[in-house]
């Protein structure tokens, strides 16, 4: 199983798509590691810098609804993973992106809008960090001397994939 | 309680349900292209499991960047080609025989009602036009599909979309699906199958139905689905005539895949399309849709006619009819990419290619190329393209470029005027 949690990158917009996470022009790379410099290159958000310190340090992305919509490219979770990000917390995900996350043994955590709003209230804290406890299905955000914990749902199958380290290992042993 | 088409297909293909709601399905077709498959192949090789579950059920094509534009894309093509040869995959389509996957594979007769289909490509939902369950997946799902012939999905909930009325002149399947996405939103069908029903669908050709189902993913849908009927059988007849004594018999047999009248739907939409107008997107999301009338006059730099959405013969015929005897505006460049070699050949024989070239179009070989900004028509920073493709994300056709999605007819009108324009005034 991968490790989950750490400094947070806040991406405050709905419908962030796969082309923004990793543009198609880089899909000609044939190793995951080669994708690393291009993370979120085409995403335009106020105050966001794809090559900035916050992006570089992040282990967790917190965002809004329908994250990862568009293409089926697994390059999207891969480019996050090779940059050290193994958790995305969102109000909702596009189906293929979400499945790709679990298939790679990464955590796609869905929380209701009210919880996402509460987590975004930590956006101003330079030390904002999230820790994830898969066993109890709880997420804790800390920053600026405050701390808040949220319970989340994760389908048992998705959790099994995360625990197994991904779908290939899971399926290979079973089918 | 009756079942939907998707539920029937799931029930007939269920291999395992490891947890409630997680359905592992047996796959009838696993499709592969050179962008998302090479990493799956590499992983299988590194695991010492370089095998395929059934060579006859795997279909492979080099289509996204072809012929290869540089060393990297040549390497991707080579990985797929070497793999297909190594495993003696009979249905592998290389340069000269290759075309855009979601146009090529139906044309080859690989799809049947009731099938389960996956591909490492989000527009795989296209194949649901035949009454199949077809879903785009990532590389890992593809890898397991190649190795084991299975894929996991959540239990399918279906949204039924009744398309009532008759389409007015100058309004096509593309306008319909843009309108639907505008109504549902880019997140409106996430984790849902979109079932297209009603007289408008009944009257559509398979080409038009594929345009509808192709863009289900743009509303978040897992698969689009149309009911298999006489139109489906007519299209498939060259491939299925040995299986049935008559077309009527085939229509009767395929009827079993229709959703039952008492099936349960997550949601039902009723749209009367008799007053629908030509539609076009205005922003960077496919649900940002307006009428062409509202957008008329918007300047453009390039017109692109092609892709898995609208690069089929019917699309070329519609645009050619309008372009006959006309020239494109001097301020635009226009690119036509017929989606398959067969479409290209038909278009040549019918004189369509001559019409396009006389009008000033550049005609490229079949490829996905420009649609995702990879080759043969990439935009420069700040440029605008009127495209018959499926995705208008920022930078989709080139960094800093903008895309307006529209129908083949509206693309022809845009080419003639050099700006978004009403296609109805150019119809013969």
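Protein chains in written order, with the numbering used here: chain A, 1 to 175; chain B, 176 to 603.
Don't be surprised by glycine CBs; every beta carbon is placed ideally from N, CA and C.
Since the model is a prediction, treat every value here as computed from it, not as a measurement.
- Under the 9 Å criterion on CB atoms, residue 77 of chain A is classed as interfacial with respect to chain B.
- Across the structure, residue 342 of chain B and residue 396 of chain B are spaced so that their CA atoms are roughly 24 Å apart.
- Using beta-carbon distances, residue 11 of chain A does not count as an interface residue toward chain B, since no partner is under 9 Å.
- Residues of chain A whose Cβ lies closer than 9 Å to the Cβ of residue 362 of chain B are, in chain order, 14, 15, 65, 66, 69, 92 and 94.
- Excluding the 5 residues flanking it on each side, residue 119 of chain A has same chain C-beta neighbours closer than 6 Å at 62 and 141, in chain order.
- Interface residue (Cβ-Cβ distance to chain A less than 9 Å): residue 204 of chain B is not classified as such.
- Straight-line spacing of the CA atoms in residue 207 of chain B and residue 149 of chain A works out to 43 Å.
- Under DSSP, the beta-bridge partners assigned to residue 370 of chain B are B:335 and B:400.
- The C-beta of residue 237 of chain B comes no closer than 9 Å to any C-beta of chain A.
- For residue 413 of chain B, the uninterrupted alpha helix (DSSP H) segment begins and ends at 405 to 415.
- Of all alpha-carbon atoms in B:279, B:262 and B:230, the one lying nearest the alpha-carbon of residue 301 of chain B is that of B:279.
- Under the three-state reduction of DSSP, residue 444 of chain B is assigned to strand.
- Spatial neighbours of residue 554 of chain B in its own chain (CB-CB distance under 6 Å, excluding positions within 5 residues in sequence) are listed in chain order as 560, 572, 573 and 576.
- Residue B:439 holds the alpha-carbon nearest to the alpha-carbon of residue 183 of chain B among B:511, B:439 and B:409.
- For residue 552 of chain B, no Cβ of chain A is located within less than 9 Å of the residue's own Cβ.
- Contact of residue 460 of chain B with chain A is assigned, a C-beta pair being separated by under 9 Å.
- Ranked by how close their Cα comes to the Cα of residue 28 of chain A, the residues B:198, B:578, B:180 and B:249 have B:249 in first place.
- Assignment of residue 72 of chain A by DSSP, reduced to helix, strand and coil, places it in the coil class.
- At a cut-off of 9 Å between C-beta atoms, residue 280 of chain B does not count as an interface residue with respect to chain A.
- Taking C-alpha positions only, residue 480 of chain B is separated from residue 462 of chain B by approximately 20 Å.
- Between the beta-carbon of residue 274 of chain B and that of residue 514 of chain B there is about 6 Å, and that keeps the pair under the 8 Å contact cut.
- Uninterrupted beta strand (DSSP E) stretches at least 3 residues long and entirely within the segment 488 to 568 of chain B occur at 508 to 512, 536 to 538 and 559 to 562, given in chain order.
- Looking at the DSSP output, residue 7 of chain A shares a beta bridge with A:129.
- In this structure, the beta-carbon distance from residue 400 of chain B to residue 484 of chain B does not fall below 9 Å.
- Here residue 474 of chain B carries a strand assignment [DSSP, helix/strand/coil].
- If you draw a straight line from the Cα of residue 267 of chain B to the Cα of residue 66 of chain A, it comes to about 35 Å.
- When Cβ-Cβ separations below 9 Å define contact, residue 449 of chain B makes no contact with chain A.
- Residues of chain A with a Cβ closer than 7 Å to the Cβ of residue 463 of chain B do not exist, since the nearest Cβ in that chain sits about 10 Å away.
- Out of B:431, B:276 and B:306, the CA that lies nearest to the CA of residue 294 of chain B is found in B:276.
- Using a CB distance cut-off of 9 Å, residue 127 of chain A does not count as an interface residue toward chain B.
- With contacts defined as CB atoms closer than 9 Å, residue 599 of chain B and residue 340 of chain B fail to qualify as a contacting pair.
- Residue state for residue 152 of chain A is assigned as coil, using DSSP reduced to three classes.
- Non-local beta-carbon contacts of residue 178 of chain B in its own chain, meaning distances under 6 Å to residues more than five positions away in sequence, involve 435 and 438 in chain order.
- Under the DSSP assignment, residue 143 of chain A falls in the beta strand (DSSP E) whose first and last residues are 138 to 143.
- For residue 311 of chain B, the enclosing beta strand (DSSP E) begins and ends at 308 to 311.
- Taking one beta carbon from each stretch, the segment 312 to 329 of chain B and the segment 410 to 430 of chain B have fewer than 3 pairs nearer than 8 Å; the two do not touch.
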